[in-house]
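Quick mapping for you: the protein sequence lines, in order, are chains A and B. Position 92 of the first sequence, counting from 1, maps to 92 under this note's numbering, and the rest follow consecutively. Numbering-wise, this note's numbering comes out as the position in the second sequence, counting from 1, plus 217. Here a beta-carbon is modelled for each residue, glycine too, at the ideal position from N, C-alpha and C. As the structure is a computational prediction, the values presented were derived from the model and not from experiment. This report refers to the structure that appears directly beneath it.
Number of protein chains: 2
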Amino acid sequence: MRAVFQQELADVQDRLVSISELVADAIDQATTAFNQSNVALAESVIERDAQIDEAAAELDELAITILARQNPVARDLRVVVSALRISASLERMGDLAEHIAQLARYRFPEKVVPKSLRPTFKEMGALDVKVARRLTELLRTQDVAEAERIRDDDDQIDALHLSVFDAVLGETWKGQAVDTVDATLASRYHERFADHAVLISKKVQYLATGDWVPQDA
Amino acid sequence: MRAVFQQELADVQDRLVSISELVADAIDQATTAFNQSNVALAESVIERDAQIDEAAAELDELAITILARQNPVARDLRVVVSALRISASLERMGDLAEHIAQLARYRFPEKVVPKSLRPTFKEMGALDVKVARRLTELLRTQDVAEAERIRDDDDQIDALHLSVFDAVLGETWKGQAVDTVDATLASRYHERFADHAVLISKKVQYLATGDWVPQDA
Numbered sequence: 001m002r003a004v005f006q007q008e009l010a011d012v013q014d015r016l017v018s019i020s021e022l023v024a025d026a027i028d029q030a031t032t033a034f035n036q037s038n039v040a041l042a043e044s045v046i047e048r049d050a051q052i053d054e055a056a057a058e059l060d061e062l063a064i065t066i067l068a069r070q071n072p073v074a075r076d077l078r079v080v081v082s083a084l085r086i087s088a089s090l091e092r093m094g095d096l097a098e099h100i101a102q103l104a105r106y107r108f109p110e111k112v113v114p115k116s117l118r119p120t121f122k123e124m125g126a127l128d129v130k131v132a133r134r135l136t137e138l139l140r141t142q143d144v145a146e147a148e149r150i151r152d153d154d155d156q157i158d159a160l161h162l163s164v165f166d167a168v169l170g171e172t173w174k175g176q177a178v179d180t181v182d183a184t185l186a187s188r189y190h191e192r193f194a195d196h197a198v199l200i201s202k203k204v205q206y207l208a209t210g211d212w213v214p215q216d217a
Numbered sequence: 218m219r220a221v222f223q224q225e226l227a228d229v230q231d232r233l234v235s236i237s238e239l240v241a242d243a244i245d246q247a248t249t250a251f252n253q254s255n256v257a258l259a260e261s262v263i264e265r266d267a268q269i270d271e272a273a274a275e276l277d278e279l280a281i282t283i284l285a286r287q288n289p290v291a292r293d294l295r296v297v298v299s300a301l302r303i304s305a306s307l308e309r310m311g312d313l314a315e316h317i318a319q320l321a322r323y324r325f326p327e328k329v330v331p332k333s334l335r336p337t338f339k340e341m342g343a344l345d346v347k348v349a350r351r352l353t354e355l356l357r358t359q360d361v362a363e364a365e366r367i368r369d370d371d372d373q374i375d376a377l378h379l380s381v382f383d384a385v386l387g388e389t390w391k392g393q394a395v396d397t398v399d400a401t402l403a404s405r406y407h408e409r410f411a412d413h414a415v416l417i418s419k420k421v422q423y424l425a426t427g428d429w430v431p432q433d434a
């Protein structure tokens, strides 16, 4: 029974890693589509979001089966409950990647943001991809140093997010309303994506260090 | 043991109802603060968000304790796991109410949106409040008719959300970039608030009808 249980827990972890890989690919392609106005790539991200949703739903079912059959307690129980939450955040990260791809598709053949903001979005996009790859690594290795790096990356993304507002609200902003709307939404999606990565990495970190923070704060 | 367990499940439900009441009060006051530029009210919403976070965290701990001690299976297990997810959505709804209050505070003594959009936001705000009150009722009574009404209200909110973009991107839009940013974010917060209510009501509905949809879709 114990060996089966350990195998099931390992399966949960493996699945989290593969969903995280799908999410990392999605944000990589979504931000590329966004920055290069690549509508085919955008559509492929949009189509494949269902895969992430499905993988997350399957993981949830597995976690619920483990709860029913194995009655895990103490740390094992927290690992399984955390998996449910991590899967919800990964699923949401997939949605946000999809939203970024949708913006690229809506505006095609135009670019989503005006020239002056493109370097900022390129940087935010690259950081989101970095965060997603680190997250996969964190879920695979439970190396908490990775969690710290995700938080540092997130601080940079937050600063870029604020700089988008500064640009849009500044005196030199020449954008039309459509540019303002797109920049606002796109920046918000990029920022929320990394927020979820931070939420997940806090959960992994607390599980690894034995210190549990129940809140999503 | 069974009686204790039933009492614990009832306690979970009661707590969900009270968190939902806190969220309904928060959105009521946040949208009032937003529409009337009432900075004191906005600050009170912002301050009290910690209460919602705390109540959600306590409920999560209770749910985890029940999982460990009672080893619920079948429908009971789904009820407890759903409670964890409902609590996460309620906590997020509290955050979104807080964001709406923050917009009111940032722009004070100015109003957040220009005159032309105020009726729209008044309507969206009133619908969000309605949705939150219905959600409390749904969690209290498990009356699935309430879930249907929440979905109808959400459809109206989605339509208003799209109408904000139409207004902002229309030829008659006279707003400055700051108005465009605020309208975009405010509309998004109002819309996401109702989305979470729909997610929760789907979970309650499927638990009530015995038909389980694992996905957050």
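Taking just the CA atoms, how far does residue j sit from residue i?
i: B/Leu377; j: B/Thr337; result: 7 Å
i: B/Arg350; j: A/Gln6; result: 44 Å
i: A/Glu8; j: A/Thr65; result: 10 Å
i: B/Val395; j: A/Ala183; result: 12 Å
i: B/Glu363; j: B/Val385; result: 33 Å
i: A/Asp28; j: A/Arg118; result: 16 Å
i: B/Asp433; j: B/Leu416; result: A caution first: B/Asp433 carries a pLDDT of 44, below 50, which makes its placement in the model too unreliable to give a value.
i: A/Ile150; j: A/Glu171; result: 33 Å
i: B/Val346; j: A/Asn71; result: 39 Å
i: A/Asn38; j: A/Asp25; result: 15 Å
i: B/Val381; j: B/Ala403; result: 10 Å
i: B/Leu294; j: A/Ala197; result: 28 Å
i: B/Ala219; j: B/Gln230; result: Correcting the residue type first, residue 219 of chain B is Arg in the shown sequence and not Ala. When rounded, the distance between both Cα atoms is 17 Å.
i: B/Ala318; j: B/Asn252; result: 10 Å
i: B/Ser333; j: B/Asp383; result: 12 Å
i: B/Lys339; j: B/Ala285; result: 46 Å
i: B/Asp372; j: A/Arg192; result: 24 Å
i: A/Leu16; j: A/Glu54; result: 12 Å
i: B/Val240; j: A/His99; result: 27 Å
i: B/Val298; j: B/Asp277; result: 10 Å
i: B/Lys328; j: B/Thr397; result: 13 Å
i: B/Arg357; j: B/Glu365; result: 16 Å
i: B/Arg309; j: B/Asp369; result: 21 Å
My output table needs one value for residue i: the three-state DSSP class, helix, strand or coil.
i: A/Pro109; result: coil
i: A/Asp155; result: helix
i: B/Asp245; result: helix
i: B/Thr389; result: coil
i: B/Val290; result: coil
i: B/Asp360; result: coil
If you measure from the beta carbon of residue i to each beta carbon in chain B, is any gap under 9 Å?
i: A/Phe165; result: yes
i: A/Arg188; result: yes
i: A/Ala217; result: Annotation note: pLDDT 39 at A/Ala217 (below 50); position unreliable, no value reported.
Could you give the first and the last residue of the continuous alpha helix (DSSP H) run that contains residue i?
i: A/Lys115; result: Here A/Lys115 belongs to no alpha helix (DSSP H), and DSSP marks it neither H nor E.
i: A/Asp49; result: Val39 to Gln70
i: B/Thr426; result: Ala394 to Thr426
Rounded C-beta distance between residue i and residue j? I'm assuming under 8 Å.
i: A/Ile52; j: A/Gly94; result: 4 Å
i: B/Val348; j: B/Gln422; result: Contact doesn't hold; Cβ gap of about 15 Å is too wide.
i: B/Tyr406; j: B/Leu313; result: 5 Å
i: A/Ile86; j: A/Lys203; result: 6 Å
i: A/Leu84; j: A/Asp11; result: About 14 Å; that fails the 8 Å criterion.
i: A/Leu162; j: A/Val79; result: With 8 Å as the limit, A/Leu162 and A/Val79 do not qualify as a contact, their Cβ atoms being about 36 Å apart.
i: A/Gly125; j: A/Thr31; result: 3 Å
i: B/Ala273; j: B/Leu307; result: 6 Å
i: B/Glu238; j: B/Thr353; result: 5 Å
i: A/Leu127; j: A/Ser201; result: A/Leu127 to A/Ser201, Cβ: 14 Å. No contact.
Please list, in chain order, the chain D residues whose beta carbon lies closer than 9 Å to that of residue i.
i: B/Ala285; result: Protein chains in the displayed structure are A and B, and chain D is not among them.
Verify the CB distance criterion: does residue i have a CB-CB separation below 9 Å to chain A?
i: B/Val398; result: yes
i: B/Val298; result: yes
i: B/Ala314; result: no
i: B/Ala250; result: no
i: B/Ile281; result: yes
i: B/Thr401; result: yes
i: B/Gln422; result: no
i: B/Gly392; result: yes
i: B/Val385; result: yes
i: B/Val395; result: yes
I'd like to confirm something about residue i: is its beta-carbon nearer than 8 Å to some heavy atom of the ligand NAP, or not?
i: B/Thr397; result: Annotation note on the ligand NAP: not contained in the displayed structure, which lists no ligands.
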